[in-house]
Ligand SMILES: [Zn+2]
Ligand SMILES: [Zn+2]
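Printed below as a string of structure tokens:
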């Protein structure tokens, strides 16, 4: 099965299956994984990178997607390529002589998914080829709000499931923000309100209002992970609200409610260390994540 995702920004790992270069890997960024692997295997004159040109065939084995913008994904790509130059990854030790490049890159990305600022993002970890799938090292599993998915993914133009052009297409068009209770105005700085995706729920709120409401327990953070919908009272993941808002909700093959309990307990357990390691994160939200570029800036 191929999962279709719009507003796709992914960072992938290629594995070289050419016996002469066997075991080489390559990290790259793409908005269209199907086209990108074709370019790598066609050589640099047809859009492939010079590092992969003439050394194929390559297989795209793993992709991390769900970045809010191309800027966010490109910064992730850079850090995965240069872990020892990233001040976020000073705790990642160098590759040992016995460690294969593939294993090393998996170890690096496992650390990255648990490090700020990436650990706050609504990312999906996707194995594209079953035969390359590895378990993450014990203690280095991705945060529980990041689904680990299997199978191919396709980037589609962002029309399917996109938010309606006019409020008339929605059963109920709320006029007021469910958090601050102010009326929505045309041309507001905050833009289109966030809507809840639960059936029958008519909650709508300014992005900034809902973010602040979700962050009440985590005042040091800038990007919420989850919160209670002020309308239907369901616990919702911030990433799911944003995906719904941007019209790329088709990505959620993992039932977002099934892991809620485990996830909440992990957050509680990690509360202390998270806060301790987040001392330098405040000015970097916009910077590292490209949220402004994605049109979802938070105050
Ligand atoms: Zn509001
Ligand atoms: Zn709701």
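Residue numbers (the working numbering): 26 to 324.
Glycine included, C-beta positions come from ideal geometry on N, C-alpha and C.
C-alpha gap between residue i and residue j, whole angstroms
{"i": "residue 232", "j": "residue 108", "result": "33 Å"}
{"i": "residue 170", "j": "residue 221", "result": "18 Å"}
{"i": "residue 45", "j": "residue 91", "result": "34 Å"}
{"i": "residue 94", "j": "residue 148", "result": "12 Å"}
{"i": "residue 262", "j": "residue 129", "result": "31 Å"}
{"i": "residue 31", "j": "residue 177", "result": "14 Å"}
{"i": "residue 209", "j": "residue 227", "result": "14 Å"}
{"i": "residue 255", "j": "residue 162", "result": "38 Å"}
{"i": "residue 125", "j": "residue 166", "result": "20 Å"}
{"i": "residue 153", "j": "residue 35", "result": "12 Å"}
{"i": "residue 43", "j": "residue 219", "result": "48 Å"}
{"i": "residue 276", "j": "residue 144", "result": "Caution applies to residue 276, whose pLDDT of 36 falls short of 50 and renders its modelled position unreliable; the value that the coordinates give is listed next. Whole-angstrom Cα-Cα distance: 18 Å."}
{"i": "residue 115", "j": "residue 200", "result": "48 Å"}
{"i": "residue 89", "j": "residue 257", "result": "31 Å"}
{"i": "residue 66", "j": "residue 260", "result": "44 Å"}
{"i": "residue 106", "j": "residue 74", "result": "14 Å"}
{"i": "residue 138", "j": "residue 242", "result": "22 Å"}
{"i": "residue 240", "j": "residue 251", "result": "9 Å"}
{"i": "residue 245", "j": "residue 117", "result": "25 Å"}
{"i": "residue 211", "j": "residue 164", "result": "48 Å"}
{"i": "residue 266", "j": "residue 217", "result": "13 Å"}
{"i": "residue 168", "j": "residue 160", "result": "14 Å"}
{"i": "residue 39", "j": "residue 247", "result": "33 Å"}
{"i": "residue 253", "j": "residue 76", "result": "47 Å"}
{"i": "residue 33", "j": "residue 113", "result": "24 Å"}
Selected residue, minimal CA-CA separation from residue i, among the options
{"i": "residue 103", "options": "44, 151, 37", "result": "37"}
{"i": "residue 224", "options": "269, 35, 204", "result": "269"}
{"i": "residue 140", "options": "252, 207, 111", "result": "111"}
{"i": "residue 175", "options": "160, 181, 151", "result": "151"}
{"i": "residue 29", "options": "47, 200, 179", "result": "179"}
{"i": "residue 158", "options": "164, 145, 264, 127", "result": "127"}
Same chain only: Cβ atoms within 6 Å of residue i, ignoring 5 sequence neighbours per side
{"i": "residue 325", "result": "This structure gives no information on residue 325, because the portion of the chain shown stretches from 26 to 324."}
{"i": "residue 156", "result": "none"}
{"i": "residue 202", "result": "230, 231, 234"}
{"i": "residue 238", "result": "204"}
{"i": "residue 264", "result": "147"}
{"i": "residue 301", "result": "Because the pLDDT at residue 301 is just 35, under 50, the model does not fix this residue reliably, and the value given afterwards should be weighed accordingly. So the list is empty, once near-sequence residues are dropped."}
{"i": "residue 191", "result": "Per-residue confidence for residue 191 stands at a pLDDT of 42, beneath the threshold of 50, marking its modelled position as unreliable; the derived number appears in the next sentence. Closer than 6 Å at Cβ, skipping near neighbours: no residue."}
{"i": "residue 181", "result": "29, 31"}
Close-in-space but distant-in-sequence residues of the same chain around residue i (CB under 7 Å, 5 per side omitted)
{"i": "residue 47", "result": "41"}
{"i": "residue 207", "result": "201"}
Close-in-space but distant-in-sequence residues of the same chain around residue i (CB under 8 Å, 5 per side omitted)
{"i": "residue 27", "result": "176, 177, 178, 179"}
Margin query: Is it the case that the segment 79-88 contacts the segment 51-69, given that we only count it when at least three CB pairs across the two stretches are under 8 Å?
Written below: Enough Cβ pairs lie closer than 8 Å, so yes.
Checklist line | Contact set, ligand 2 heavy atom to C-beta under 5 Å | finding: 221, 223, 226, 228, 254, 256, 257
Item checked: At least 3 beta-carbon pairs within less than 8 Å: the segment 98-107 vs the segment 48-57 -> yes
Next item on the list: Measuring from each Cβ to the nearest heavy atom of ligand 1, keep the ones under 5 Å and list them in chain order.
Entry: 202, 204, 205, 231, 234
Check: Is the segment 62-81 touching the segment 118-125, taking contact as three or more C-beta pairs under 8 Å?
Finding: no
Checklist line | Contact between the segment 67-78 and the segment 128-135 (3+ Cβ pairs under 8 Å) | finding: no
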